[in-house]
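I have placed the structure first, in the form of structure tokens, so that the comments after it can refer back to it.
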Amino acid sequence: MRRPVAAMLAALVGTAVPAFARDVPPSLPPYTTAYQPQGVDERGVWMEADEMERGLRDSKTLIADPKLNGYVRDVVCRTVGASRCGGVRIYVVRDAEFNAFMTPNGTMVVSSGLLLRIRDEAELAAVLGHEFAHFELRHGLNGFRQRRSASDVAAWAGVIAANATTYRTAQTMQSIQVSAIGSMFAFSREQERQADLLSMAYIKASPYDPGCFADIWDRMLNEGDATAHGRRQRSKRYDRASFFATHPTNIERATYLRDLAVDMHKPGEAPREDDAPRYDIAMAAWRAQFLGDQLKLNDFEGTDYLLGELAKTRWTPDLLFARGELYRSRGNPRDLVSAVGFYREAIAQDPTNAEAYRGMGLAQLRSRDPAGGDALKRYLVMRPDAPDGAMLSTLVQ
Amino acid sequence: MFRTLLRPVLAVVLLVVAAQPAWAQEKSGTKEGFVLKQGTAKILLMRPTIKVGAQSTGGMFEPNADWTQQAKDNLGAALSVAQTKLGNAVIAADEPVGQAAETMADYRALFSVLADSVIQYQFFPGNRLPTKKRKGVFDWTMGPGVGEIAKGTGADYALFIFDEDQYGSTGRKVLQVFAALARVPVKSGQHSGYAGLVDLRTGDLVWLNADQAMGGDVRTPEGAQKRVAQLLEDFPGSTALAKSAPKLASK
Chain L
1 MRRPVAAMLA
11 ALVGTAVPAF
21 ARDVPPSLPP
31 YTTAYQPQGV
41 DERGVWMEAD
51 EMERGLRDSK
61 TLIADPKLNG
71 YVRDVVCRTV
81 GASRCGGVRI
91 YVVRDAEFNA
101 FMTPNGTMVV
111 SSGLLLRIRD
121 EAELAAVLGH
131 EFAHFELRHG
141 LNGFRQRRSA
151 SDVAAWAGVI
161 AANATTYRTA
171 QTMQSIQVSA
181 IGSMFAFSRE
191 QERQADLLSM
201 AYIKASPYDP
211 GCFADIWDRM
221 LNEGDATAHG
231 RRQRSKRYDR
241 ASFFATHPTN
251 IERATYLRDL
261 AVDMHKPGEA
271 PREDDAPRYD
281 IAMAAWRAQF
291 LGDQLKLNDF
301 EGTDYLLGEL
311 AKTRWTPDLL
321 FARGELYRSR
331 GNPRDLVSAV
341 GFYREAIAQD
351 PTNAEAYRGM
361 GLAQLRSRDP
371 AGGDALKRYL
381 VMRPDAPDGA
391 MLSTLVQ
Chain H
1001 MFRTLLRPVL
1011 AVVLLVVAAQ
1021 PAWAQEKSGT
1031 KEGFVLKQGT
1041 AKILLMRPTI
1051 KVGAQSTGGM
1061 FEPNADWTQQ
1071 AKDNLGAALS
1081 VAQTKLGNAV
1091 IAADEPVGQA
1101 AETMADYRAL
1111 FSVLADSVIQ
1121 YQFFPGNRLP
1131 TKKRKGVFDW
1141 TMGPGVGEIA
1151 KGTGADYALF
1161 IFDEDQYGST
1171 GRKVLQVFAA
1181 LARVPVKSGQ
1191 HSGYAGLVDL
1201 RTGDLVWLNA
1211 DQAMGGDVRT
1221 PEGAQKRVAQ
1231 LLEDFPGSTA
1241 LAKSAPKLAS
1251 K
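Chains as they are written, first to last, in my numbering: chain L, 1 to 397; chain H, 1001 to 1251.
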């Protein structure tokens, strides 16, 4: 009795067998430009995606800077090739989380939190290649179909369990229900892995260094640890993928992506040190806002780790200022002293940074240091039309 | 991503738990003392949100592009016939560009939040906000700024329409029968929608009809006419009698 049920279930929900052999990146599938959806299901999911894209196009969360959008598009085109990148529309949204996603109709959504965390162009290429792979492999449609089959199985199992006359049948049906629900998440994890592999294939054919993709996940693991530590939570670094996980764990991804990169024996055409400045220039106009959004996440240790990663060996004025704001917002007496130090360094490197004077003044006043008044006055002189000018001027009487 | 995966799971879980909710709630409201004088109003029809598809055996929504297009055409035709009968002029809003597009998107989003709030905090008596408890009160507004979206059209009112139809698939119906044997209620198909009228001068919501169980197959012209008749039931001025008393109809 058990065996046919298990076989039927495996056939219906397509259970993924974990591969023990080392992965190889797939060869690039043939690509059709201006692909049109085929069949009822695909046209349906595209219709929903079209409707969502209409809303997104006019949304307030979009960052509509043509230079920034143009840069992201160039990276996509360099990664997947000029003909493929014609099939996607790119939307950069203001969202401090590390995230990007793709809808079935070719809408690529990139969060500003991702742009903040990426270190150079090659890393951005790897992530956007992964998103494009979801589009090329039609993961939206296939995922929809698998969820539908699995929920059909689960619904029938539920009804049979409710009709069951023996405890044994009811129990079997309930376990089928659980397996069917689990299969939806297992299928999603497998799709993510496939997208990772195809992204590596794009990277192989592009000018970028394949080693970059694994580095991202290493840093995400460390940032996750820092956040967990700050929130007095257990580290999830070595956890296995949970029942409801939609993605493979970060450590799994870091491991197989690094193996793939090593097997490729391909350094990037240009050393990655050359990619980084180009990326930094493209983000320069926006980094202050991205950092400001990150500070509002109320994640002291995660943010402190992130700032350290962004700085590497050189603390630039914007990072020093952000670190000052971070410490000042936590506000222990010792944090205020540290914050004043960071603001002071930021001002030493960039004396035109009025906001650093503001932060320094407020931190000093809170530490009962009369020098704070002078710093605030300086801020008010530099920013005569500051929105908080009237309020701050009451502090410097 | 997690959300899209959670939906079918919830659908399955609800299959076992949820009895069909009794729609004992109110389904439409008109602003106190509001009367739409017959044959005088110019109504701007906002791009309606229409989604039509099937409901899978497991209860998932399967969007269908053809049915949606048919429903859009049929409902559009039925709507203009119905309003012309009332003597009101209905003009479809143009697709805006640039800054106007952003404003339009904002107000469309605001309206859907407003409609959801009315349904949740006024139409459902057990959940009613203290400020909405007085008998006959129907006091909701989008603010006078909403006039922006009708600039240059000369319209007096904006009509927002939302419609979602899920037709139970054969599999769902078979499942329903077998579930009934075990006395598990399974709902096959779901048809919900709302229509709301906003005064473009004040921004006040003057009428909202939110029916969570409507008839009429929107894929056919006749069904769409029936649906529009239900959607516009209690539309201000739709009866010859002037409604002097405020009205909160219950189904």
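Even for Gly, the Cβ is constructed at its ideal location relative to N, Cα and C.
Can you tell me whether DSSP reads residue 1107 (chain H) as helix, strand or coil?
In the structure shown, residue 1107 (chain H) sits in a helix (DSSP, three-state: H, G or I).
Select from L:60, L:390, L:78 the residue whose C-alpha is nearest the C-alpha of residue 1099 (chain H).
It is L:60.
Is residue 63 (chain L) helix, strand or coil by DSSP?
coil
Name the two residues that bound the continuous beta strand (DSSP E) containing residue 1042 (chain H).
1042-1045
My output table needs one value for residue 50 (chain L): the three-state DSSP class, helix, strand or coil.
helix
Any Cβ of chain L within less than 8 Å of the Cβ of residue 1184 (chain H)?
Taking CB atoms only, residue 1184 (chain H) has a neighbour in chain L less than 8 Å away.
What does the Cβ neighbour count give for residue 281 (chain L), buried or exposed, with the cut at 16 atoms within 10 Å?
With fewer than 16 other CB atoms across the displayed protein chains lying within 10 angstroms of its CB, residue 281 (chain L) is exposed.
Pull up the DSSP beta-bridge partners for residue 1090 (chain H), would you.
H:1043
Along chain L, which residues have their Cβ under 8 Å away from the Cβ of residue 1175 (chain H)?
155, 156, 159
Is the segment 89-108 of chain L close to the segment 125-139 of chain L, with three or more CB pairs under 8 Å?
Counting C-beta pairs closer than 8 Å gives three or more between the segment 89-108 of chain L and the segment 125-139 of chain L, which meets the contact rule.
Checking contacts by CB at 8 Å: is residue 47 (chain L) closer than that to chain H?
Residue 47 (chain L) belongs to the set of residues whose beta carbon lies under 8 Å from a beta carbon in chain H.
When the Cα atoms are used, what is the spatial distance from residue 102 (chain L) to residue 167 (chain L)?
45 Å
Pull up the CB-CB distance for residue 217 (chain L) and residue 254 (chain L), whole angstroms please, since I reckon it's below 8 Å.
By a beta-carbon distance limit of 8 Å, residue 217 (chain L) contacts residue 254 (chain L). Their separation comes to about 4 Å.
Between the segment 1171-1186 of chain H and the segment 1065-1081 of chain H, do at least 3 Cβ pairs fall closer than 8 Å?
no
Residues of chain L with CB closer than 7 Å to the CB of residue 1215 (chain H), please, in chain order.
Chain L residues near residue 1215 (chain H): none, gap ~23 Å exceeds 7 Å.
What's the C-alpha gap between residue 396 (chain L) and residue 1049 (chain H)?
55 Å
Measuring only the C-alpha atoms, how far is residue 331 (chain L) from residue 298 (chain L)?
13 Å
Suppose you measure from the CA of residue 1073 (chain H) to the CA of residue 1222 (chain H); what does that come to, to the nearest Å?
Cα-Cα distance, rounded: 12 Å.
Going by C-alpha to C-alpha distance, which of H:1041, H:1155, H:1121 sits closest to residue 1085 (chain H)?
H:1041
Cβ of residue 1057 (chain H) less than 8 Å from any chain L Cβ?
Taking Cβ atoms only, chain L reaches closer than 8 Å to residue 1057 (chain H), which makes this a yes.
Excluding five sequence neighbours on each side, which residues of the same chain lie with their C-beta closer than 8 Å to the C-beta of residue 1056 (chain H)?
1062, 1169, 1171, 1172
Going by the beta-carbon positions, is the gap between residue 334 (chain L) and residue 359 (chain L) smaller than 8 Å?
no
Going along the chain, which unbroken runs of the alpha helix (DSSP H) with 4 or more residues stay wholly within the segment 275-343 of chain L?
287-295, 300-311, 317-330
Use the C-beta contact count for residue 243 (chain L): other C-beta atoms within 10 angstroms, 16 or more gives buried, fewer gives exposed.
exposed
In this structure, how does DSSP classify residue 1022 (chain H) when only helix, strand and coil are distinguished?
Bear in mind that a pLDDT of 44 at residue 1022 (chain H), under 50, signals an unreliable position, so the model cannot answer this.
According to DSSP, is residue 93 (chain L) helix, strand or coil?
strand
Let's test the definition: count the other Cβ atoms within 10 Å of the Cβ of residue 391 (chain L) and tell me whether it reaches 16, buried, or not, exposed.
Label assigned to residue 391 (chain L): exposed.
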